[in-house]
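Visitor: Would you mind keeping the following structure in view while I ask a few things?
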Amino acid sequence: MIFQSAISQEMELKILIRDSLNTSTFNIVEYEHFHLSENSLYVEIDSVIKKLNAIGFLNTHFKSIKKQDSIYTSYLILGMNSKTIKIYFDKNNINPNTFKNLSDDFSDDYFVINMIDVPNAMNSIVEQFEIDGKSFTEVSLKNIHQKNNELIAELNINSTKPRSIDKIIIKGYEKFPASFIKHNLNLKTETVFNTQKLKNASDAMQSIPFVSEIKSPEVLFTKDSTTIYLYLQKAKANRFDGLIGFASNEEGKLKFNGYLDLVLNNVLNKGEVISIQWKSNGDERVLFDLAFTAPYIFKSPITPSINFNIYKQDSTFLNIHTKIDLAYTLNQFSELAAKFESETSNDLISENTQNSIEEYKSAFFGASYTYRKPDPDKPFQNKFYFNVNALWGNRTLSENSEKANQQKYNLQAHYIWSINQKSNIFIQNTSGMLISDTLFSNELFRVGGATSIRGFDQESIFASAYSILNLEYRYHLAQRSYMYSITDFAYVQNDIINDNAQLFGFGVGYVFNTKSGAIDISYALGKQSDLPVDFQNSKFHIRLIQFF
Numbered sequence: 000m001i002f003q004s005a006i007s008q009e010m011e012l013k014i015l016i017r018d019s020l021n022t023s024t025f026n027i028v029e030y031e032h033f034h035l036s037e038n039s040l041y042v043e044i045d046s047v048i049k050k051l052n053a054i055g056f057l058n059t060h061f062k063s064i065k066k067q068d069s070i071y072t073s074y075l076i077l078g079m080n081s082k083t084i085k086i087y088f089d090k091n092n093i094n095p096n097t098f099k100n101l102s103d104d105f106s107d108d109y110f111v112i113n114m115i116d117v118p119n120a121m122n123s124i125v126e127q128f129e130i131d132g133k134s135f136t137e138v139s140l141k142n143i144h145q146k147n148n149e150l151i152a153e154l155n156i157n158s159t160k161p162r163s164i165d166k167i168i169i170k171g172y173e174k175f176p177a178s179f180i181k182h183n184l185n186l187k188t189e190t191v192f193n194t195q196k197l198k199n200a201s202d203a204m205q206s207i208p209f210v211s212e213i214k215s216p217e218v219l220f221t222k223d224s225t226t227i228y229l230y231l232q233k234a235k236a237n238r239f240d241g242l243i244g245f246a247s248n249e250e251g252k253l254k255f256n257g258y259l260d261l262v263l264n265n266v267l268n269k270g271e272v273i274s275i276q277w278k279s280n281g282d283e284r285v286l287f288d289l290a291f292t293a294p295y296i297f298k299s300p301i302t303p304s305i306n307f308n309i310y311k312q313d314s315t316f317l318n319i320h321t322k323i324d325l326a327y328t329l330n331q332f333s334e335l336a337a338k339f340e341s342e343t344s345n346d347l348i349s350e351n352t353q354n355s356i357e358e359y360k361s362a363f364f365g366a367s368y369t370y371r372k373p374d375p376d377k378p379f380q381n382k383f384y385f386n387v388n389a390l391w392g393n394r395t396l397s398e399n400s401e402k403a404n405q406q407k408y409n410l411q412a413h414y415i416w417s418i419n420q421k422s423n424i425f426i427q428n429t430s431g432m433l434i435s436d437t438l439f440s441n442e443l444f445r446v447g448g449a450t451s452i453r454g455f456d457q458e459s460i461f462a463s464a465y466s467i468l469n470l471e472y473r474y475h476l477a478q479r480s481y482m483y484s485i486t487d488f489a490y491v492q493n494d495i496i497n498d499n500a501q502l503f504g505f506g507v508g509y510v511f512n513t514k515s516g517a518i519d520i521s522y523a524l525g526k527q528s529d530l531p532v533d534f535q536n537s538k539f540h541i542r543l544i545q546f547f
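In numbering that gives the first Met the number 0, the protein residues as written are 0 to 547.
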């Protein structure tokens, strides 16, 4: 009975236009036809009149309404339509350049826009004041009238004083490093406040692995102050990453390869990073890497880092490589770094007959630029990443002190293209080039393996120049678990032997989450352009990632 009563009270609204010439224009205005009360019905008529005002029918008015049973027919007179409006303003209250993106017809005291664009224009003007810290500014039109068949109005601006950030309060993770608030989130006291800063800070939080948001930032306005509240919690950011590989050697015997990667992140609540890495390809090629980064030292935008690397190539040579970076934060997405690198290479064979190996010392100075854009849907993952390095230096041979000028360039970039909620494409390029009049094998780049071109042994390919393209189609079975295809292509060049090669890697993989990490399983085959696929040299990798 209650349901039937509700149906019987439903009223139908029909709106008709007395001016038949404007009927086609009125048909584009949508309105609600069915209502449960007369009050709702009259509110809808007022809403329609406002919509008509917005598209230039400023003289629209309600003529009459007729009721027949439950049908209400309203008659409107539209009047003359104005397609555009000239809006005058006081340049002492607003910069005329504000209207550059709103109108092609503007001067120092007026601008002309289409009537249908008025609401968006008003919002844009308010947003500009908001960017300048005047968060409660109100904008409207007044003295609207027609003159010589032209619609004219005045821009009324009720501006407020600029607001600055007086205090930033952390709720939850009170020990969150203050330097990250200033340089990573770009929130600073005594600077202009606007809501876009809060949104940018929330987005930047996605790229900080040791913290997560409990909820979005909030702001408290009082008469004399502006206080920002950040709701954060400390996240597990220490990582243990391991990979165990199985492959067959030329004799058909099983051999092991892989790596271990330990990262300690923010243990001291300063945002510091300590990483230890070990790699072995199963043929006595061993790498040990130790790195330390201290973000925003002395609360400045400068982040120093040092990297110490030892590489041993079976029993032929041993390289000791040191890198020192001083990175300057440009904004929450990019940084510029000054770089220094030195390397010492020792010949492990006292009577080495290989002319391609020499003992040397080298030193390089240079710079790098990094840009990263976090993926808002996938925490701690960059949707776009770009890094380029340029180094200049020289190499000195230990035997005869002969020097050679050298240049070294590196590029790494990737992008994740989302197709739909379940599918995306990952594409990455990694390239490097070493330029010198003379080169030796023990100073070349080393590529190949699960984090390079898949289907080949870890760091088994020596190159003076290379470019690797990794392409994956990813199909998500759960939020962070997905199957993926492997399609890799590499061009490698070795100027020592005047040779170049095209390499291909292809296969499949699967990543799935555990409660505190992830497991990446992949199977890949490698192929050189002039050789057939050798299934005995296929690579089956299990990569273990554990957060703690």
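Beta carbons are placed, not taken as given, at the ideal position from N, Cα and C, and that holds for glycine.
Closest to L197 by CA distance: which of F175, Y230, Q380 and E173 is it?
Guide: Cα-wise, what sits closest to L197 is Y230.
Visitor: What are the boundary residues of the alpha helix (DSSP H) that P118 is part of?
Guide: Start and end: V117 to I130.
Visitor: Please classify F135: is it buried, with 16 or more other beta-carbons within 10 angstroms of its beta-carbon, or exposed?
Guide: Exposed.
Visitor: Mapping DSSP to helix, strand and coil, what is H144?
Guide: Residue state, collapsed to three classes: strand.
Visitor: Can you tell me where the alpha helix (DSSP H) holding A336 begins and where it ends?
Guide: That residue, A336, is in no alpha helix (DSSP H); its beta strand (DSSP E) goes S333 to D346.
Visitor: Considering only C-alpha positions, which residue in the set Q427, K62 and D324 is nearest to N381?
Guide: The candidate whose alpha carbon is nearest that of N381 is Q427.
Visitor: Using three-state DSSP, classify G104 as helix, strand or coil.
Guide: At residue 104 the sequence reads Asp, which differs from the Gly that was named. Strand.
Visitor: Identify the residues that DSSP records as bridge partners of F316: which are they?
Guide: In DSSP, F316 forms a bridge with Q312 and D346.
Visitor: Please list the terminal residues of the continuous alpha helix (DSSP H) segment that includes N155.
Guide: N155 -> not in any alpha helix (DSSP H); beta strand (DSSP E) instead, spanning E149 to N157.
Visitor: Within the continuous alpha helix (DSSP H) that includes V42, where are the two ends?
Guide: E37 to A53 is the span of the alpha helix (DSSP H), which, as asked, contains V42.
Visitor: Thinking just about the alpha-carbon of each residue, which of E9, A53, N52 and F56 is nearest to the one in L35?
Guide: Nearest option by C-alpha distance: E9.
Visitor: May I have the straight-line CA-CA distance separating S397 from N318, to the nearest angstrom?
Guide: Near 14 angstroms, if we compare the C-alpha coordinates of N318 and S397.
Visitor: For the 8 angstroms Cβ check, are there 3 or more pairs between the region 355–372 and the region 321–334?
Guide: Touching, per the Cβ criterion.
Visitor: Mind pulling the beta strand (DSSP E) runs of 3 or more residues that sit fully within the region 487–542?
Guide: Entirely contained in the region 487–542, the beta strand (DSSP E) runs reaching 3 residues are, in chain order, 498–513 and 516–527.
Visitor: Can you name, in chain order, every residue of its own chain whose Cβ lies under 6 angstroms from the Cβ of A523, other than the five neighbours on each side?
Guide: Around A523: R453, G454, I485, G504, G506 and K538.
Visitor: Apart from the five residues on each side of it in sequence, which residues of its chain come closer than 7 angstroms, Cβ to Cβ, to N183?
Guide: So the list reads A203, I207 and Q331, once near-sequence residues are dropped.
Visitor: Going by C-alpha to C-alpha distance, which of I273, A326, V218 and F61 sits closest to F307?
Guide: The candidate whose alpha carbon is nearest that of F307 is I273.
Visitor: Here's the rule: buried if 16 or more other CB atoms are within 10 angstroms of the residue's CB, otherwise exposed. What is S400?
Guide: The residue in question, S400, is exposed, as its Cβ has fewer than 16 Cβ neighbours within 10 Å.
Visitor: The alpha helix (DSSP H) that contains I180, what's its start and end?
Guide: I180 -> alpha helix (DSSP H) spans A177 to H182.
Visitor: What are the uninterrupted segments assigned as beta strand (DSSP E) that are 3 or more residues long and contained completely in the region 387–464, given in chain order?
Guide: Complete beta strand (DSSP E) runs here, min 3: 402–417, 422–435, 444–446 and 460–462.
Visitor: From the DSSP output, which residues share a beta bridge with M10?
Guide: Looking at the DSSP assignment, M10 forms a beta bridge with H34.
Visitor: Given a threshold of 16 other Cβ atoms within 10 Å of its Cβ, counted over all protein chains shown, does H144 qualify as buried or as exposed?
Guide: By the 10 Å Cβ count, H144 comes out exposed.
Visitor: Could you check if N264 is buried or exposed, using at least 16 other CB atoms within 10 Å of its CB as the buried criterion?
Guide: Flag for N264 reads buried.
Visitor: Please classify L476 as buried or exposed, where buried requires at least 16 neighbouring CB atoms within 10 angstroms.
Guide: So L476 ends up on the exposed side.
Visitor: Distance, Cα to Cα, V446 vs V285?
Guide: Going from the Cα of V446 to the Cα of V285 covers about 14 angstroms.
Visitor: If you draw a straight line from the C-alpha of L443 to the C-alpha of I305, how long is it?
Guide: Computed Cα separation, rounded: 22 angstroms.
Visitor: Just reading off the alpha helix (DSSP H) that A203 is part of, what are its end residues?
Guide: Start and end: T194 to M204.
Visitor: Can you list the beta strand (DSSP E) stretches of 3 or more residues lying completely in the region 270–305, in chain order?
Guide: The qualifying runs are 272–279 and 284–292.
Visitor: CB-CB under 6 angstroms to E271, same chain, minus the five flanking residues each way: which ones, in chain order?
Guide: Once the five neighbours on either side are set aside, the close Cβ partners of E271 are A293.
Visitor: Please determine if the region 80–92 and the region 137–151 are in contact, where contact requires at least 3 C-beta pairs separated by less than 8 angstroms.
Guide: Cβ pair count under 8 angstroms is three or more, so yes.
Visitor: Over what stretch of residues does the beta strand (DSSP E) that includes A366 continue unbroken?
Guide: Taken as a continuous stretch (DSSP letters only), the beta strand (DSSP E) holding A366 covers Y359 to P373.
Visitor: Can you have a look at S528 and say buried or exposed, based on whether 16 or more other CB atoms are within 10 angstroms of its CB?
Guide: Flag for S528 reads exposed.
Visitor: Do F383 and Y414 come within 8 angstroms of each other at the CB atom, strictly closer than that value?
Guide: Taking 8 angstroms as the Cβ cut-off, Y414 and F383 qualify as a contacting pair.
Visitor: Please name the residue in T513, K13, S344 and N157 whose C-alpha comes closest to that of K360.
Guide: Checking every option, the nearest Cα to that of K360 belongs to S344.
Visitor: Would you identify the three-state DSSP class for F385, choosing helix, strand or coil?
Guide: Of the three classes helix, strand and coil, the one that applies to F385 here is strand, per DSSP.
Visitor: By DSSP's criteria, E212 is part of a beta bridge. Which residues make up the other side?
Guide: L231.
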